[in-house]
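Here the structure is laid out as structure tokens; the discussion comes afterwards.
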Amino acid sequence: MDPDLFTTIPPGTRVVIRYRLAPHEQGSAGERLSDALGNVQSVTETHVVLETRGGTVSVERARITHAKAVPPPPPRRQRH
Numbered sequence: 012m013d014p015d016l017f018t019t020i021p022p023g024t025r026v027v028i029r030y031r032l033a034p035h036e037q038g039s040a041g042e043r044l045s046d047a048l049g050n051v052q053s054v055t056e057t058h059v060v061l062e063t064r065g066g067t068v069s070v071e072r073a074r075i076t077h078a079k080a081v082p083p084p085p086p087r088r089q090r091h
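Under our numbering, the residues of the sequence shown are numbered 12 to 91, in order.
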């Protein structure tokens, strides 16, 4: 992961983040990862907060393995 990504992108930027789940979320199968896709709401020294379609997600920066900015979603096609 680019360590400077979250110091250079402004709030509102759409990003995808891959992160390690906390031990109590992993179960017995070992280390597990999850993804979050959304717009950056805030960045602190310890957390990145995204607004996703499912709601607000706060991810500890120490758990992030990969992150990148992504383009906006394509416009929805209208049904006829």
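Where is the CB? At the ideal position from N, CA and C, for every residue including glycine.
Item	Value
If you draw a straight line from the C-alpha of Y30 to the C-alpha of T24, how long is it?	18 Å
Can you round the beta-carbon distance between L61 and R43 to whole angstroms, since I take them to be within the 8 Å contact cut?	Their Cβ separation, rounded to whole angstroms, is 19 Å, which puts L61 and R43 out of contact at 8 Å.
Going straight from the alpha carbon of E71 to that of I28, what length do you get?	11 Å
For V59, is the classification buried or exposed, using 16 other Cβ atoms within 10 angstroms of its Cβ as the cut-off for buried?	buried
If contacts are defined as beta-carbon pairs under 8 Å, then I20 and V51 qualify, I think. What distance do you get, rounded to the angstrom?	6 Å
Please report the distance separating the alpha-carbon of R88 from that of S53.	31 Å
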